[in-house]
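Asker: Residue numbers (the numbering used here): 1466 to 1623.
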């Protein structure tokens, strides 16, 4: 009987400690964000790229590669998985907020081809280039995202 009481007490004491253990998903996201930091990518919570002004929910994650002295040529978002916005040259992708210069079409085609399906948007603003990504895949896809963002950054920093 004493052993049963001791076991129950130990279980009660140890159970809150188990709450601190990361789930596999949390561990994967921690690894992704650590790798993003190593690539100098800024990770932030973000509104859906196609959100209307009155929609304030922050339910997406943006992986952004900052650019210094970014040429001012307007902000744009190219997104998929939503019907908002207007048609683009790329199947299933729509513009919202603005369009990129047409001289960027070939480069955007290359970037779109290398992005994982879990990326729902590519964006450019005065701070740099970013993607809206659901973080459902691993580090190899993050590396592809980085390579695509770097291609865009190099084009604008010429």
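Positions of the beta carbon are idealized from the N, C-alpha and C atoms, including for glycine.
State buried or exposed for residue 1553, treating a residue as buried only when at least 16 other CB atoms are found within 10 Å of its CB.
Answerer: Within the chain shown, residue 1553 is the residue found at index 88, counting from 1. Result: buried.
Asker: Taking 8 Å as the threshold, find out whether the region 1556-1573 comes into contact with the region 1604-1620 through three or more Cβ pairs.
Answerer: Contact holds: three or more Cβ-Cβ distances are below 8 Å.
Asker: With DSSP as the reference, identify every bridge partner of residue 1543, one or two as the case may be.
Answerer: Taking the chain shown and counting its residues from 1, the one referred to as residue 1543 is at position 78. 1560 and 1587, per the DSSP bridge assignment.
Asker: Take residue 1604 and list the residues in its own chain whose beta-carbon comes closer than 7 Å to its own, dropping the five residues that flank it on each side.
Answerer: Within the chain shown, residue 1604 is the residue found at index 139, counting from 1. The residues are 1496, 1497 and 1500.
Asker: Would the region 1505-1518 and the region 1577-1597 be scored as touching if the rule is three or more Cβ pairs under 8 Å?
Answerer: The region 1505-1518, when compared against the region 1577-1597, does touch it at the 8 Å Cβ threshold.
Asker: Do residue 1526 and residue 1600 have their C-beta atoms within less than 8 Å of each other?
Answerer: The residue you call residue 1526 lines up with position 61 of the chain shown. The residue you call residue 1600 lines up with position 135 of the chain shown. Yes. Within cutoff.
Asker: Under the three-state reduction of DSSP, which class applies to residue 1531: helix, strand or coil?
Answerer: Along the chain shown, read from residue 1 onward, the residue named residue 1531 stands at position 66. Residue 1531 falls in the strand class under three-state DSSP.
Asker: Can you round the beta-carbon distance between residue 1596 and residue 1546 to whole angstroms, since I take them to be within the 8 Å contact cut?
Answerer: Counting from one through the chain shown, the residue named residue 1596 turns up at place 131. Counting from one through the chain shown, the residue named residue 1546 turns up at place 81. Wrong, their Cβ atoms sit about 13 Å apart, outside the cutoff.
Asker: So, using beta-carbon positions, are residue 1544 and residue 1583 closer together than 8 Å?
Answerer: For the purposes of this step, residue 1544 is taken as residue 79 along the chain shown, with counting starting at 1. For the purposes of this step, residue 1583 is taken as residue 118 along the chain shown, with counting starting at 1. Their beta carbons are not under 8 Å apart, which means residue 1544 does not touch residue 1583 by this criterion.
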